[in-house]
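Step one of this worksheet: look at the structure below.
In the numbering used here, the protein residues as written are 539 to 979.
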């Protein structure tokens, strides 16, 4: 049986190795021959939300959205960004039924007035232009625009799917948190590499992680193997599992993460306990970071959020305490803020070291850290860079840097006020870390 990686929440398939946000055309062997499924999609007020991805190799797809609020379906070519269905600027943009052939695929749409039963009821059909059973040759992204906030029922069917396992993926969804209650966030099957999950909420929430087969509490306050207030890690059944601790990032109690380095060897279940009711944003990624991103080699917001949740607070904790870096004492200094341009520079160097099998501050193109920061669009007046390789967790790499006088001085440098850190998996050392500090001109 083909192995599919997924998160399940309220029976919604959220996390799959087809990189689909919600559609799951490859849920089991029967899915390869066709099938049907349904889920609910939250609709924003005057905003666009991604419903899911239709991968290459799916045949004769029909998708209907039914909602009590007015919505518009949108469809894009993932590779080119072409607006195939979009009001007012898509190839299909009318109020009534329309169709056209795109790269051998017949695309049909109800129009923005829907199927005639209400403006919140629309559909699209995607099939081969000559033979309906011909699979898609392009990857499509389906989105929806909401004129009012609400929910939509998404029902879809397909005739067949030829799905390939993805080496990596990422996603994001919203999870309802209940007061003084534990709620299941998702199932994590065995066989996933390098999984990172962050949970961010304005309310106080605790992540929990269990062995799905035995019920063993791996992460849980107060009785889990990991149950403390700060970052801690454990090797469980060959998996290196790191947790932020129940104090989260030290600033927001509702911001926590778990990170599993290597391949998951057990089926796991993630839950969340809420001290107040609210909503949490769950970001996750897995696999090889050089195969993920937005398709153009750029980091995704979800990946950046995860590494930020893991290490940002550790940096400021270190700066908040005076310490000896070698023979020189550095007093406590001001906190730094996170900068996404610096993250791009850091990620680029970690990928460069991993892909080209070297370990140096000088890149494979002979650029130094200052040049990389400038190339990312950041005009600096001061900068510093730390690199490391082979460390599994954020806590491990920070401990390593702080025990080295030169790296410690970079962390405690009072002349910088912004930071970013990137981590990649692979290469000779297994992991490559780059930490960049800077100050704008």
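Ideal Cβ positions, reconstructed from N, Cα and C, are used throughout, including at glycine. Since we're looking at a predicted model, the values are computed, not measured.
In this structure, what does DSSP give as the bridge partners for residue i?
i: residue 623; result: 613 and 630
i: residue 595; result: Note: residue 595 sits in no beta bridge, so no partner.
i: residue 748; result: 755 and 807
i: residue 683; result: 586 and 610
i: residue 764; result: 757
i: residue 863; result: 866
i: residue 968; result: 964
i: residue 956; result: 875 and 976
i: residue 603; result: 660 and 692
i: residue 678; result: 592 and 615
i: residue 842; result: According to DSSP, which records beta bridges pairwise, residue 842 is partnered with nothing at all.
Thinking C-beta only, is residue j closer than 9 Å to residue i?
i: residue 910; j: residue 944; result: no
i: residue 981; j: residue 589; result: Outside the shown range of the chain, which is 539 to 979, sits residue 981, and nothing can be said about it.
i: residue 695; j: residue 667; result: no
i: residue 871; j: residue 857; result: yes
i: residue 623; j: residue 611; result: yes
i: residue 804; j: residue 927; result: no
i: residue 733; j: residue 723; result: no
i: residue 670; j: residue 750; result: no
i: residue 731; j: residue 801; result: yes
i: residue 649; j: residue 640; result: no
i: residue 715; j: residue 578; result: no
i: residue 875; j: residue 780; result: no
i: residue 663; j: residue 645; result: yes
i: residue 816; j: residue 792; result: yes
i: residue 956; j: residue 852; result: no
i: residue 923; j: residue 972; result: yes
i: residue 772; j: residue 756; result: yes
i: residue 925; j: residue 942; result: no
Rounded C-beta distance between residue i and residue j? I'm assuming under 8 Å.
i: residue 981; j: residue 759; result: Limits of the chain in this structure are 539 at one end and 979 at the other, which puts residue 981 out of reach.
i: residue 965; j: residue 892; result: 4 Å
i: residue 894; j: residue 902; result: 5 Å
i: residue 576; j: residue 693; result: 5 Å
i: residue 936; j: residue 849; result: 7 Å
i: residue 615; j: residue 678; result: 7 Å
i: residue 592; j: residue 674; result: 7 Å
i: residue 809; j: residue 726; result: Not quite, the Cβ-Cβ distance comes to about 11 Å (not below 8 Å), so this is no contact.
i: residue 690; j: residue 631; result: That pair is no contact at about 20 Å.
i: residue 806; j: residue 748; result: 7 Å
i: residue 782; j: residue 847; result: 7 Å
Within the continuous alpha helix (DSSP H) that includes residue i, where are the two ends?
i: residue 732; result: Where residue 732 is concerned, there is no enclosing alpha helix (DSSP H), although the beta strand (DSSP E) it sits in stretches over 731 to 739.
i: residue 881; result: 878 to 894
i: residue 792; result: Element bounds for residue 792: n/a, residue is neither H nor E.
i: residue 819; result: Where residue 819 is concerned, there is no enclosing alpha helix (DSSP H), although the beta strand (DSSP E) it sits in stretches over 816 to 825.
i: residue 948; result: 943 to 950
Along the beta strand (DSSP E) that carries residue i, what are the first and last residues, could you check?
i: residue 691; result: 688 to 696
i: residue 910; result: Premise fails: residue 910 lies in the alpha helix (DSSP H), 907 to 913, not in any beta strand (DSSP E).
i: residue 940; result: Counting along the chain, residue 940 falls outside any beta strand (DSSP E), though it belongs to the alpha helix (DSSP H) covering 932 to 940.
i: residue 666; result: 659 to 666
i: residue 577; result: 573 to 581
i: residue 774; result: 770 to 774
i: residue 725; result: 719 to 726
i: residue 919; result: 918 to 927
i: residue 1020; result: This structure gives no information on residue 1020, because the portion of the chain shown stretches from 539 to 979.
i: residue 643; result: 643 to 647
Is there contact here, the stretch 674 to 684 with the stretch 572 to 588, by at least three beta-carbon pairs under 8 Å?
-> Remark: three or more beta-carbon pairs, one from each stretch, lie closer than 8 Å, so the stretch 674 to 684 and the stretch 572 to 588 are flagged as touching.
Problem set entry | Inter-stretch contact at 8 Å, needing at least 3 Cβ pairs: the stretch 972 to 979 / the stretch 913 to 925 | Contact between the stretch 972 to 979 and the stretch 913 to 925 is present: three or more C-beta pairs spanning the two stretches fall below 8 Å.
Query - Stretch pair the stretch 813 to 825 + the stretch 763 to 772: three plus CB contacts closer than 8 Å - result: A contact is defined here as three or more CB-CB pairs under 8 Å, and the stretch 813 to 825 fails this definition with respect to the stretch 763 to 772.
- Task: Mind the definition here: the stretch 894 to 913 touches the stretch 942 to 961 only if three or more C-beta pairs lie below 8 Å; say whether that holds.
- Result: Flag = no, the stretch 894 to 913 and the stretch 942 to 961 do not touch.
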